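Under my numbering, the first residue of the sequence shown is numbered 12, with each subsequent residue one higher. Everything below concerns the one structure shown next.
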Amino acid sequence: WPEGWRISARNLVSACTCHYKFAHRVEVQRGLVIYVCFFKGADKELLPKMVNTLLNVKLSETENGKHVSVLDLPGDILIIPQATLGGRVKGRNMQYHSNCGKEEGLELYSLFVSLCEKELAANSKCTEAGVVVEHGTYGNRQVLKLDTNGPYTHLIAF
Numbered sequence: 012w013p014e015g016w017r018i019s020a021r022n023l024v025s026a027c028t029c030h031y032k033f034a035h036r037v038e039v040q041r042g043l044v045i046y047v048c049f050f051k052g053a054d055k056e057l058l059p060k061m062v063n064t065l066l067n068v069k070l071s072e073t074e075n076g077k078h079v080s081v082l083d084l085p086g087d088i089l090i091i092p093q094a095t096l097g098g099r100v101k102g103r104n105m106q107y108h109s110n111c112g113k114e115e116g117l118e119l120y121s122l123f124v125s126l127c128e129k130e131l132a133a134n135s136k137c138t139e140a141g142v143v144v145e146h147g148t149y150g151n152r153q154v155l156k157l158d159t160n161g162p163y164t165h166l167i168a169f
């Protein structure tokens, strides 16, 4: 990272053909799964940039092999809170001292989900296709089954 730059959030984004979240028996179809972790110092002003970047970056592949955004696909979105993205190795253990507090993380996560839902609702392709935004419960263990479209996972920091 550039000198003096501080990470506020980290996302792991994977293009998927079909994914299921078993904790609530939710199924979503082709689109993106977005794992989200917020660090100390993250604030609400960061969220519009995160949502804009994650929903518009060309990570989804059409049937003819062209890369498009999840909005242009259009595709479903599964958002999973993932505090482990903030971990660092210390000795033989993981530490999560850089993560924001649970209450702050819940607030940021909830706002992030809402902004994603609003973006999809405002996109005519997405509303016509009936795509959905599903999300995990912040602070709970998530049991997932994922079908991915190849090893196509990206780490994006803000």
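Note that the Cβ used here is the ideal one computed from N, Cα and C, for glycine as well. In this text the structure is predicted, and so the values were computed from the model without any measurement.
Can you look up N67 in the DSSP assignment and give me helix, strand or coil?
helix
Mind pulling the alpha helix (DSSP H) runs of 4 or more residues that sit fully within the stretch 95-159?
113-133, 135-140
Give the DSSP-derived three-state secondary structure of L89 in the structure shown.
It is a strand residue.
Can you tell which of H146, S80, T73, T159 has the C-alpha that lies nearest to the C-alpha of L126?
The option with the nearest alpha carbon to L126 is H146.
For the beta strand (DSSP E) holding V39, just list the boundary residues, first then last.
37-39
Here's a check: name, in chain order, each residue in its chain whose Cβ is nearer than 6 angstroms to the Cβ of L58, leaving out the five neighbours to either side.
L122, F123, L126
I'd like to know if the stretch 82-97 and the stretch 64-73 are in contact, where contact means that at least 3 CB-CB pairs between them fall below 8 angstroms.
yes
CB-CB under 8 angstroms to A132, same chain, minus the five flanking residues each way: which ones, in chain order?
T138
So, I45 versus N22, is the Cβ gap smaller than 8 angstroms?
yes
To the nearest angstrom, report how far apart C27 and V142 are at their CA atoms.
14 angstroms
If you measure between the beta carbons of S25 and Y163, is that distance less than 8 angstroms?
yes
Quick test of your reading: G97 and C48, contact by CB under 8 angstroms. State the CB separation rounded to the nearest angstrom.
5 angstroms
Kindly indicate which three-state DSSP category V81 falls into: helix, strand or coil?
coil
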